[in-house]
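Chemist: Please read through the structure below; I'll follow up with questions.
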Amino acid sequence: MEDQKDINKYDDGGSLDDYNDSREGGDEEDDFEDDEDDDQEILNEEEQMFLQQQIENEFMQPGGEDDSDDGLVLAGEGTAGIPPFNQMNIADPNLDINFQKLNSIKQFSGWIQWFISLQDHDFLLEIDRDFITDKMNLLKIRDHFPIKDRYKECMRLLLSAKVPNEEDLQNQKFLELNQDTSDLYCIIHNRYVQSPIGLAKIYSRYLQSGYGTCPRALCDRQKVLPLGLSDKLRTSRVKVYCPCCEECFLPKYQNINLDGFFFGSALPHIFMKSYPQAIILPPKVYYYQPKIFGFKVFGKRGSKYYKPATGAIKYIEDQESIDQLVTSFKEEFQKQRQQQLRLNLNSKEESKHIESGKAQQSSRGKKKSKKQQQNQ
Numbered sequence: 001m002e003d004q005k006d007i008n009k010y011d012d013g014g015s016l017d018d019y020n021d022s023r024e025g026g027d028e029e030d031d032f033e034d035d036e037d038d039d040q041e042i043l044n045e046e047e048q049m050f051l052q053q054q055i056e057n058e059f060m061q062p063g064g065e066d067d068s069d070d071g072l073v074l075a076g077e078g079t080a081g082i083p084p085f086n087q088m089n090i091a092d093p094n095l096d097i098n099f100q101k102l103n104s105i106k107q108f109s110g111w112i113q114w115f116i117s118l119q120d121h122d123f124l125l126e127i128d129r130d131f132i133t134d135k136m137n138l139l140k141i142r143d144h145f146p147i148k149d150r151y152k153e154c155m156r157l158l159l160s161a162k163v164p165n166e167e168d169l170q171n172q173k174f175l176e177l178n179q180d181t182s183d184l185y186c187i188i189h190n191r192y193v194q195s196p197i198g199l200a201k202i203y204s205r206y207l208q209s210g211y212g213t214c215p216r217a218l219c220d221r222q223k224v225l226p227l228g229l230s231d232k233l234r235t236s237r238v239k240v241y242c243p244c245c246e247e248c249f250l251p252k253y254q255n256i257n258l259d260g261f262f263f264g265s266a267l268p269h270i271f272m273k274s275y276p277q278a279i280i281l282p283p284k285v286y287y288y289q290p291k292i293f294g295f296k297v298f299g300k301r302g303s304k305y306y307k308p309a310t311g312a313i314k315y316i317e318d319q320e321s322i323d324q325l326v327t328s329f330k331e332e333f334q335k336q337r338q339q340q341l342r343l344n345l346n347s348k349e350e351s352k353h354i355e356s357g358k359a360q361q362s363s364r365g366k367k368k369s370k371k372q373q374q375n376q
C-alpha cells in the first residue's frame, strides 16, 4: 500500500528516478525492467521518427495532392502502425505492395526495356547495345525486310530512347512499324542467346529456375530451358525443354504466346555443350512400367528410360538358347555374305563376256573392211 501511494504521488508530478531513489529495500530486478521498458519506448519513438523522415525523403514526391498515393503504404494511421526497427523485414506484405508500385512507376530508358517488360515477355533477355551495333551480328537480316528503308526505320526505333505512349499505340502506322521492329528484335535475340554473353545470361537465369521446372513427376522438378520447334518467324510458340526426360512442354501461365524463334531449336543443346556442369541430372532410377494387378502389360514400354530391349535376347533367359540365337545369327550373316559374293562374281563374268563379244565384233568388222579394200 505504501508503494502504491508513492507511485501515485510521483505520477502526479514526480519523476521515475526520484521514485527509484526514494524506495528503500526494493527489488533490483523490478527497477531494471522498468528502466528497460522506458528505454524501449524512447527507442521506438526515435525509430518511428527516423523511418517517417526516410519515407518522406525517398518515396513521397512533393507538390501535388495525388502524389501522396504513390508513397509507401503504412499500416494504421500516422506512425502508429510502424513496427519496431529490429522486427522490420522485406517480407512485410505492405512493403511488397509498395515496391511493386515503385517498379511500375520506374521509367524505361528505351524501346528495348519497354518491349521486354510487356506481358508474356518474361523469357526475353535485354540485348546489349554493343551487340546490336556490331554489323557482324546483323548479317543477312536486311533480307527479312523487303520494303525499302524499312530496316533502317526499325533499327532507329529499336535503338531509340523513346518509349511508345498511348497516342503512338493508337496510330496504325506506328503499330505496323512496331510489329516489324519486334520481328527485328526477335531475329537479333535468336543470335544473341547463342553468343557467349547471351548464354551466360541464360545460365544465370537457369540457376534461379527462371524458366520453370519440368511438370513430369519422375523428373523431380528438373530445371527447363526455352525452346522453339521451328527456326522461322511466326511458325510455332515457345516451349520448354527438360534435359532429364528430353521432352518439350508448354510453359505455365506466362510466355505462352511468345514466338519460339526468339530462342530457336538449337539453344538447349548449345547451352548443355557450353555449360555441362549446369545440367545435374538425377539418377534414372525411377522408371514407370505399366502393370495390371502387379503383372506387366505386354507390348507397353512405359518410361522412355526403361531398360531398353536388345532384340529378342530380352525375352530369353537360358544361356543355351542365347548361344543358339547367336550362332543362328552368324550362320544367316555368312549365308547372306556368300550370296552377295556370288552375285558379284556373276556380274563380273557377265561384264567380261560382254567386253569380249564387243572385241570380237570390232575385229571382224576390221577384217571385212580390209577384204573390201583389196577387192576394189
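Take 1 as the starting number for the sequence shown in the UniProt record's numbering and just add one per residue. The C-beta atom is built at its ideal place from N, Cα and C for all residues, glycine as well.
Drop a sphere of 10 angstroms on the beta-carbon of Gly294, count the other beta-carbons inside from all chains shown, and report buried for 16 or more, exposed for fewer.
Modeler: Locating residue 294 in the sequence shown gives position 294, counting from the first residue. Classification of Gly294: exposed, given that the 10 Å Cβ count is below 16.
Chemist: How close, in whole Å, do the beta carbons of Trp114 and Phe108 come, if the pair is a contact with beta carbons under 8 angstroms?
Modeler: Start at 1 with the first residue of the sequence shown, and residue 114 comes out as number 114. Start at 1 with the first residue of the sequence shown, and residue 108 comes out as number 108. Sure, about 5 angstroms apart at Cβ, within 8 angstroms.
Chemist: Looking at the structure shown, is Ile292 part of a helix, part of a strand, or coil, going by DSSP?
Modeler: As a position in the sequence shown, residue 292 is number 292, starting the count at 1. Here Ile292 sits in strand by DSSP.
Chemist: Within 8 angstroms, do at least three Cβ pairs link the region 177-185 to the region 237-252?
Modeler: no
Chemist: If contact is defined by three or more beta carbon pairs under 8 angstroms, each pair taking one atom from either stretch, is the region 264-280 in contact with the region 226-234?
Modeler: Touching, yes.
Chemist: Sort out for me which residues DSSP pairs Phe249 with in a bridge.
Modeler: The residue given as residue 249 occupies position 249 in the sequence shown. DSSP output for Phe249 lists Val240 as bridge partner(s).
Chemist: For Ser230, which residues from the same chain have a beta carbon less than 8 angstroms from its beta carbon, with the 5 sequence-adjacent residues on both sides left out?
Modeler: The residue you call residue 230 lines up with position 230 of the sequence shown. Only Ser236, Gly260, Phe261, Ser265 meet the Cβ criterion.
Chemist: DSSP three-state label for Lys232, please.
Modeler: Sequence index remark: in the sequence shown, residue 232 carries index 232 (1-based). Lys232: coil per DSSP, three-state reduction.
Chemist: Under DSSP, the alpha helix (DSSP H) around Asn171 begins and ends at which residues?
Modeler: As a position in the sequence shown, residue 171 is number 171, starting the count at 1. In the DSSP annotation of this structure, Asn171 is not part of any alpha helix (DSSP H), being labelled neither H nor E.
Chemist: Using a Cβ-Cβ cutoff of less than 8 angstroms, which residues in the same chain neighbour Lys352 once the five nearest sequence positions on both sides are dropped?
Modeler: On the sequence shown, residue 352 is found 352 positions in, with the first residue counted as 1. Correct list: empty, nothing qualifies.
Chemist: Pair every Cβ in the region 184-195 with every Cβ in the region 121-135, then say whether three or more of these pairs are closer than 8 angstroms.
Modeler: yes
Chemist: Specify the secondary structure class of Asp183 as computed by DSSP and reduced to three states.
Modeler: Within the sequence shown, numbered from 1, the residue matching residue 183 stands at position 183. Correct three-state label for Asp183: helix.
Chemist: Which ranges would you report for the alpha helix (DSSP H) in the region 123-170 if only whole runs of at least 4 residues count?
Modeler: 129-133, 150-159, 166-169
Chemist: By the 10 Å Cβ neighbour count, where 16 or more other Cβ atoms means buried, how is Val297 classified, buried or exposed?
Modeler: Residue 297 sits at position 297 when you count from the first residue of the sequence shown. Answer is exposed; the Cβ neighbour count stays below 16.
Chemist: Under 8 angstroms Cβ to Cβ from Asp120, same chain only, skipping five residues before and after it: list those, please.
Modeler: As a position in the sequence shown, residue 120 is number 120, starting the count at 1. Same-chain partners within the cutoff: Gln254, Asn255, Ile256, Asn257, Leu258.
Chemist: Among residues of its own chain, excluding the 5 on either side of Ser274, which ones have a beta-carbon nearer than 6 angstroms to its beta-carbon?
Modeler: In the sequence shown, counting from the first residue as 1, residue 274 sits at position 274. Result list for Ser274: Leu199, in chain order.
Chemist: Please report how far the alpha carbon of Pro215 lies from the alpha carbon of Ser328, in whole angstroms.
Modeler: For the purposes of this step, residue 215 is taken as the residue at position 215 of the sequence shown. For the purposes of this step, residue 328 is taken as the residue at position 328 of the sequence shown. Cα atoms of Pro215 and Ser328: separation of roughly 46 angstroms, rounded to the nearest angstrom.
Chemist: Measure from the alpha carbon of Ala161 to the alpha carbon of each residue in Gln340, Trp111, Asn171, then state which is nearest.
Modeler: Taking the sequence shown and counting its residues from 1, one reaches residue 161 at position 161. Out of Gln340, Trp111, Asn171, Trp111 has the C-alpha closest to the C-alpha of Ala161.
Chemist: Report the rounded CA-to-CA distance for Ile147 versus Leu158, giving the unit in angstroms.
Modeler: Looking up residue 147 in the sequence shown gives position 147. Looking up residue 158 in the sequence shown gives position 158. C-alpha separation (whole angstroms): 17 angstroms.
Chemist: Measure the C-alpha to C-alpha separation of Gln361 and Glu350 and round it to an integer number of angstroms.
Modeler: In the sequence shown, the residue the question calls residue 361 occupies position 361. In the sequence shown, the residue the question calls residue 350 occupies position 350. Put simply, the backbone Cα of Gln361 is about 17 angstroms away from that of Glu350.
Chemist: For Pro215, which of helix, strand or coil comes out of DSSP?
Modeler: Here residue 215 refers to the residue found at position 215 of the sequence shown. Coil.
Chemist: So, at 8 angstroms on beta carbons, what are the nonlocal neighbours of Gln194 in its own chain, with the 5 sequence-adjacent residues on each side left out?
Modeler: Reading the sequence shown from its first residue, position 194 is the one you call residue 194. Excluding sequence neighbours, Gln194 sits near Gly264, Ala266, Leu267, Ile270.
Chemist: Does the separation of the CB atoms of Leu207 and Cys244 fall below 9 angstroms?
Modeler: Walking along the sequence shown from the start, residue 207 turns up at place 207. Walking along the sequence shown from the start, residue 244 turns up at place 244. Taking 9 angstroms as the Cβ cut-off, Leu207 and Cys244 do not qualify as a contacting pair.
Chemist: Just list the residues that DSSP pairs Asp259 with in beta bridges.
Modeler: The residue labelled residue 259 in the question sits at position 259 within the sequence shown. DSSP output for Asp259 lists Arg237 as bridge partner(s).
Chemist: Asp184: which of Gln289, Val238, Asp220, Lys140 sits nearest, CA to CA?
Modeler: Position 184 of the sequence shown, counted from the first residue, corresponds to residue 184. Reading off the sequence, residue 184 comes out as Leu, not Asp. Out of Gln289, Val238, Asp220, Lys140, Lys140 has the C-alpha closest to the C-alpha of Leu184.
Chemist: What residues are listed by DSSP as bridge partners for Leu175?
Modeler: Along the sequence shown, read from residue 1 onward, the residue named residue 175 stands at position 175. None, per the DSSP bridge assignment.
Chemist: Report the residue from Ile354, Pro196, Gly302, Arg150 whose alpha carbon sits nearest the alpha carbon of Leu218.
Modeler: Taking the first residue of the sequence shown as 1, we reach residue 218 at position 218. Of the listed residues, the one whose Cα sits closest to Leu218 is Gly302.
Chemist: Which residue's Cα is closest to the Cα of Thr234: His144, Cys154, Asp220, Asp149?
Modeler: As a working note, residue 234 is residue 234 in the sequence shown. Reading off the sequence shown, one finds Arg at residue 234, where the question assumed Thr. For Arg234, the nearest C-alpha among the options comes from His144.
Chemist: So the candidates are Leu341, Leu345, Glu126; which of them puts its Cα closest to the Cα of Ile202?
Modeler: As a position in the sequence shown, residue 202 is number 202, starting the count at 1. Taking only the C-alpha atoms, the option nearest Ile202 is Glu126.
Chemist: In or out: Ser182 buried (at least 16 other Cβ within 10 Å) or exposed?
Modeler: The residue labelled residue 182 in the question sits at position 182 within the sequence shown. With 16 or more other Cβ atoms within 10 Å, it is buried.
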